[in-house]
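Protein chains in written order, with our numbering: chain P, 10 to 198; chain S, 51 to 360. Glycine is no exception: its CB is placed at the ideal position from the N, C-alpha and C atoms. Structure, as structure tokens:
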Amino acid sequence: GLEETICSMRTHENIDDPARADIYKPNLGRVTSVNSYTIPILQYIRLSATRGILQGSAMVLPKYNMNANEILYCTQGQARIQVVNDNGQNVLDQQVQKGQLVVIPQGFAYVVQSQNNFEWISFKTNANAMISTLAGRTSALRALPLEVITNAFQISLEEARKIKFNTLETTLTRARGGQQPQLIEEIVE
Amino acid sequence: RQSLGVPPQVKDACNLDNLDVLQPTETIKSEAGRLEYWDHNNPQIRCAGVSIARLVIEQGGFYLPTFFSSPKISYVVQGMGISGRVIPGCAETFMDSQPMQGQQQGHQGQQQGQQGQQGQQGQQGQQGQQQGQQGQQGQQGQQGQQGQQGQQGQQQQGQQGFRDMYQKVEHVRHGDVIANTPGSAHWIYNTGDKPLVIISLLDIANYQNQLDRNPRVFRLAGNNPQGGFGGPQQQQPQQNILNGFDPQVIAQALKIDVRLAQELQNKQDSRGNIVRVKGPFQVVRPPLRQAYESEQWRHPRGPPQSPQDN
């Protein structure tokens with residue numbers, strides 16, 4: 010803004026402070042982002058960053074970057090990461106450990122499953138990087154009419170309803186098998 | 051574009067000694083329509099840094115949810131339909147309040163139905179102040195329902211009296227220009243009685259496309275054995291984005307069983323990217339009364355019915 014000239018612009022922000030988390034779920038983990046709204050100077054270099062910490066077997070719901078490439082660098086622990094390209098082919102399905110990185114191109118869907126306290130930092134090539142999740146309360150499937158889902162996947166209305174409404178979380182969930190009932194206190198939005 | 055520092059490979063593609071009229075070079079057929087595109091490696095098209103395609107959706111055809119890594123602008127050449135798009139983080143503001151089977155048909159159901167209807171009508175702005183107050187009610191109601199949903203899970207939905215809710219659905223018709231941002235999935239259904247023809251330009255040299263200069267299409271659903279849009283190198287079959295995941299992971303993410311997760315991958319589906327909808331396409335949409343009155347005015351059928359129709 011006007012009150013900041015380039016000389017006095019802030020150039021750093023600590024995103025490791027738990028109190029600063031943008032997304033937080035007890036016993037699952039937290040995610041903190043920094044973008045041009047957080048530090049205006051990022052607008053000039055068109056870059057942003059996201060810090061993630063997963064506990065136990067937590068999972069980041071499948072998603073894709075809408076307007077950025079992502080470089081995901083592991084700072085702690087280990088996770089299984091799968092990446093799918095525009096042809097629907099699996100282009101990566103590996104474990105990522107401390108000190109390793111993965112390139113996730115724009116639009117490629119990916120999922121991160123922590124195997125033991127996975128921590129990472131992601132750099133994104135857009136000052137206002139946006140994601141679109143494929144599961145969960147704000148997902149693409151949730152935004153589609155049931156009629157679209159039944160016709161697109163040739164499934165019944167009831168099945169479409171399950172796909173659309175079963176997952177209530179937005180970003181982080183616990184990777185458990187199938188349809189176990191979920192305790193409400195785990196759903197902290 | 052050169053002054054903007056166009057990447058070298060595009061730069062040397064600009065030998066424009068003579069131009070010529072271009073026809074589509076490839077066609078991808080689907081169950082209820084086809085996709086025709088011009089080869090984006092053609093020097094003239096490559097110099098412009100774009101990729102162009104024509105989408106033809108037959109009557110009752112449905113173009114499956116798709117998104118691109120580049121911005122897109124389209125023009126509706128012929129026909130009419132409805133289109134929806136996914137903008138992450140936006141609320142599901144369209145609510146289908148048709149009563150469900152087995153659902154309580156009592157007063158409470160009616161009241162919610164009306165409230166739902168009014169909510170929708172509210173969006174048409176027909177009821178003024180009252181709408182504002184009802185809109186608020188609608189939102190509270192919706193949140194109330196969300197809250198209930200969270201606590202009692204899916205089996206409660208039948209009693210809550212709404213069938214579905216989703217993001218905005220719009221009417222499209224010939225003459226419309228449609229803009230799509232990268233990463234925002236959209237779908238189109240032909241509601242007219244003739245083919246819906248849409249010509250689209252994908253701006254692959256736009257800075258918002260962070261990938262290479264090939265048009266990349268991402269499908270949320272469907273499977274096309276004939277391959278994807280984008281010239282010869284895309285001839286391998288194009289599957290939907292869920293196809294590449296381990297079904298177990300999809301099942302965990304969506305909290306469904308693995309069999310249903312496998313169905314989402316459309317592995318057995320060879321209908322292509324434009325499928326035929328069997329039976330009514332029950333997606334709630336606002337009425338289109340004003341537009342079509344003016345339409346009839348422009349194309350009067352038979353003698354004027356009343357003096358003001360002259």
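Beta-carbon proximity of residue i to residue j, cut-off 9 angstroms
i	j	result
residue 178 (chain P)	residue 145 (chain P)	yes
residue 218 (chain S)	residue 135 (chain S)	yes
residue 259 (chain S)	residue 272 (chain S)	no
residue 124 (chain P)	residue 57 (chain P)	no
residue 71 (chain P)	residue 300 (chain S)	yes
residue 115 (chain P)	residue 233 (chain S)	yes
residue 84 (chain P)	residue 302 (chain S)	no
residue 157 (chain P)	residue 333 (chain S)	yes
residue 249 (chain S)	residue 105 (chain S)	yes
residue 82 (chain P)	residue 131 (chain P)	yes
residue 95 (chain P)	residue 335 (chain S)	no
residue 72 (chain S)	residue 92 (chain S)	yes
residue 113 (chain P)	residue 80 (chain P)	yes
residue 10 (chain S)	residue 108 (chain P)	Residue 10 (chain S) is absent from the structure shown; chain S starts at 51 and stops at 360.
residue 82 (chain S)	residue 107 (chain S)	yes
residue 75 (chain S)	residue 84 (chain S)	no
residue 122 (chain S)	residue 230 (chain S)	yes
residue 141 (chain P)	residue 117 (chain S)	yes
Limits of the beta strand (DSSP E) - the one that residue i falls within
i	result
residue 72 (chain P)	67 to 74
residue 101 (chain P)	99 to 106
residue 135 (chain S)	130 to 135
residue 103 (chain S)	101 to 107
residue 133 (chain P)	118 to 133
residue 6 (chain P)	No answer is possible for residue 6 (chain P): the residues shown for chain P start at 10 and end at 198.
residue 79 (chain S)	76 to 80
Range of the contiguous alpha helix (DSSP H) that encloses residue i
i	result
residue 247 (chain S)	That residue, residue 247 (chain S), is in no alpha helix (DSSP H); its beta strand (DSSP E) goes 246 to 252.
residue 160 (chain P)	155 to 162
residue 94 (chain S)	93 to 98
residue 173 (chain P)	166 to 174
residue 53 (chain P)	50 to 54
residue 299 (chain S)	297 to 304
residue 313 (chain S)	308 to 314
residue 229 (chain S)	Note, residue 229 (chain S): premise wrong, no alpha helix (DSSP H); beta strand (DSSP E) at 227 to 230.
residue 149 (chain P)	149 to 152
Distance, residue j Cα to residue i Cα
i	j	result
residue 60 (chain P)	residue 101 (chain P)	21 angstroms
residue 153 (chain P)	residue 269 (chain S)	14 angstroms
residue 204 (chain S)	residue 318 (chain S)	Per-residue confidence for residue 204 (chain S) stands at a pLDDT of 47, beneath the threshold of 50, marking its modelled position as unreliable; the derived number appears in the next sentence. The straight-line gap from Cα to Cα measures roughly 29 angstroms.
residue 184 (chain P)	residue 37 (chain P)	10 angstroms
residue 33 (chain P)	residue 68 (chain P)	13 angstroms
residue 77 (chain P)	residue 254 (chain S)	14 angstroms
residue 22 (chain P)	residue 129 (chain P)	17 angstroms
residue 196 (chain S)	residue 27 (chain P)	Bear in mind that a pLDDT of 41 at residue 196 (chain S), under 50, signals an unreliable position, so the model cannot answer this.
residue 238 (chain S)	residue 228 (chain S)	12 angstroms
residue 176 (chain P)	residue 169 (chain P)	12 angstroms
residue 322 (chain S)	residue 277 (chain S)	9 angstroms
residue 112 (chain S)	residue 246 (chain S)	10 angstroms
(message) Taking 8 angstroms as the cut-off, does the region 145 to 163 of chain P touch the region 34 to 52 of chain P (at least 3 CB pairs, one atom from each stretch)?
(response) no
(request) Output, in sequence order along the chain, the residues in the region 89 to 112 of chain S whose CB is closer than 7 angstroms to any CB in chain P. (result) 112
(message) If contact is defined by three or more beta carbon pairs under 8 angstroms, each pair taking one atom from either stretch, is the region 119 to 133 of chain P in contact with the region 88 to 107 of chain P?
(response) yes
(message) Would you call the region 91 to 98 of chain S in contact with the region 122 to 129 of chain S, where contact means no fewer than 3 C-beta pairs closer than 8 angstroms?
(response) The region 91 to 98 of chain S makes no contact with the region 122 to 129 of chain S: fewer than 3 CB pairs, one atom from each, lie closer than 8 angstroms.
(message) By the 7 angstroms beta-carbon criterion, what residues does the region 318 to 334 of chain S contribute toward chain P?
(response) Listed in chain order, the positions of the region 318 to 334 of chain S with a beta carbon within less than 7 angstroms of a beta carbon of chain P are 319, 325, 327, 331, 332 and 333.
(request) Specify whether the region 321 to 335 of chain S and the region 123 to 141 of chain P touch according to this definition: at least 3 beta carbon pairs, one from each stretch, less than 8 angstroms apart. (result) The region 321 to 335 of chain S vs the region 123 to 141 of chain P: no contact.
(message) Give me the subset of the region 287 to 302 of chain S whose CB atoms are less than 9 angstroms from a CB atom of chain P, sorted by chain position.
(response) 287, 288, 289, 290, 291, 292, 293, 294, 295, 296, 298, 299, 300, 301 and 302
(message) Beta carbons nearer than 8 angstroms to chain P: which residues of the region 209 to 238 of chain S have them?
(response) The region 209 to 238 of chain S vs chain P, Cβ under 8 angstroms: 213, 214, 216, 217, 219, 231, 232, 233, 234, 235 and 237.
(request) For the region 124 to 138 of chain S, enumerate the residues whose C-beta is nearer than 9 angstroms to any C-beta of chain P, in chain order. (result) 134, 135, 136, 137 and 138
(request) Select from the region 245 to 262 of chain S all residues with a C-beta closer than 8 angstroms to any C-beta belonging to chain P, and list them in chain order. (result) Result list: 258, 259, 260 and 261.
(message) Under 9 angstroms, CB to CB, which of the residues in the region 81 to 106 of chain P have a partner in chain S?
(response) 89, 91, 92, 93, 94, 95, 96, 97, 98, 99, 100 and 102
(message) If the cut-off is 7 angstroms on Cβ atoms, which residues from the region 59 to 72 of chain P count as contacting chain S, listed in chain order?
(response) 68, 70 and 71
(message) If the cut-off is 8 angstroms on Cβ atoms, which residues from the region 114 to 140 of chain P count as contacting chain S, listed in chain order?
(response) 114, 115, 116, 118, 120, 122, 134, 135, 139 and 140
(request) Give the residues from the region 18 to 45 of chain P that approach chain S closer than 7 angstroms (Cβ to any Cβ), ordered along the chain. (result) none
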